[in-house]
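All remarks here apply to the structure that follows.
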Amino acid sequence: MRNPGLLIIGRALKRLVSNPAPLLSGLGMSAFFLVVYDAAIGGIGFLPEFGGAGYMAFLLPMGVVSLLFASSSGSAQALSADIASGYFQRLALAPVPRSAFVLAAILADAIGVFASSLAVLGLGALLGAPLSGGLTGVLGTAALATLFGGGVSAASAATVMRSGKVELAGTIGSAVFMLLFLAPTFVPRELMGARWLQVVSAWNPLSYLMEAMRFLVSGLGEAASVPAAFAIAGAAGLGGTALAAVSVRKVLN
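Just so we're aligned: 127 in numbering that gives the first Met the number 0 is position 128 of the sequence shown, and the numbers increase by one with no gaps anywhere.
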């Protein structure tokens, strides 16, 4: 007899493959942003603040992080469909921890983010970004996106389970998207014209995520940004997952 936990994970992965729309939407959005912003303002890449690697090397982490806006709601939407159909309640009879149902959906989202991150980095290389960090830098960047993306996905799932409203699935992803514009996404902090934006970006967790990705992929910035980013991404992943695991009780009780 097959392990029930593996069956639940397998079902979540099959659903991801059979409904790739959220992932493809995220990939399309990231590709659009990279091409358009590089065409519009890539001419400033010669400035010394960009470290001589070109504008695409600086912009590329934005393409990775923006994946989370579209792909993070996949698990929340899947769970909402299962709850509405009563399938979620029937799964509760399986001899596995109740949290396994939501964790499987989050795991599927995380795997999707990891694969999509690799695709975006490959696109960035085709568009001229030097991947001087090699395989280690690429995998490290994908790992950061996966940890943080898993947390966003889990928080989205928790929001849907606690509210019972699937339309709220995208609220967490939308918040992440807005934070992109309050971070050194398009220019370094020292080139930001408004002092208030520099202050806000210093408190924005996405700032540290993207700065670490730039260092890992192209060697831009400081190495100290990497452990800080992994701490932030790890906290987001663990915190979001814990919240989702607790929220599942609201549905099954």
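Cβ atoms here follow ideal geometry from the backbone N, Cα and C, with glycine treated the same way. Keep in mind that this is a model prediction, so the values were computed, not measured.
Integer-rounded CB distance, given that residue j should sit under 8 Å from residue i
i	j	result
G233	L179	No, G233 and L179 are not in contact; Cβ-Cβ is about 20 Å, not under 8 Å.
A107	L12	5 Å
L58	A157	So it is not a contact: roughly 32 Å between Cβ atoms.
L33	L126	6 Å
L66	G133	About 22 Å; that fails the 8 Å criterion.
I105	S152	5 Å
V114	I8	The sequence as given places Ala at residue 114; Val does not occur at that position. No, A114 and I8 are not in contact; Cβ-Cβ is about 16 Å, not under 8 Å.
R213	P21	Incorrect: roughly 26 Å between the Cβ atoms, too far for contact.
L215	G136	4 Å
A211	S98	The pair is not a contact, with the Cβ atoms about 30 Å apart (cut-off 8 Å).
For residue i, the first and last residue of its enclosing alpha helix (DSSP H)
i	result
G172	T170 to L179
L126	No alpha helix (DSSP H) contains L126, which DSSP labels as neither H nor E.
G41	Premise fails: G41 is in no alpha helix (DSSP H) and is neither H nor E.
L196	R194 to W202
Assigned secondary structure, residue i (DSSP; H/G/I helix, E/B strand, else coil)
i	result
T184	coil
G50	coil
E221	coil
S131	coil
M0	Bear in mind that a pLDDT of 44 at M0, under 50, signals an unreliable position, so the number given afterwards is only what the model happens to contain. M0: coil per DSSP, three-state reduction.
S17	helix
S65	coil
M191	coil
K164	coil
Sub-8 Å separation of residue i and residue j beta-carbons
i	j	result
A154	S116	no
A56	S217	yes
A144	V198	no
A77	R14	yes
S224	V119	no
A52	P129	yes
V112	V247	no
A235	G150	yes
L181	S200	yes
Y54	G44	yes
L208	A230	no
I40	F176	no
E48	P183	no
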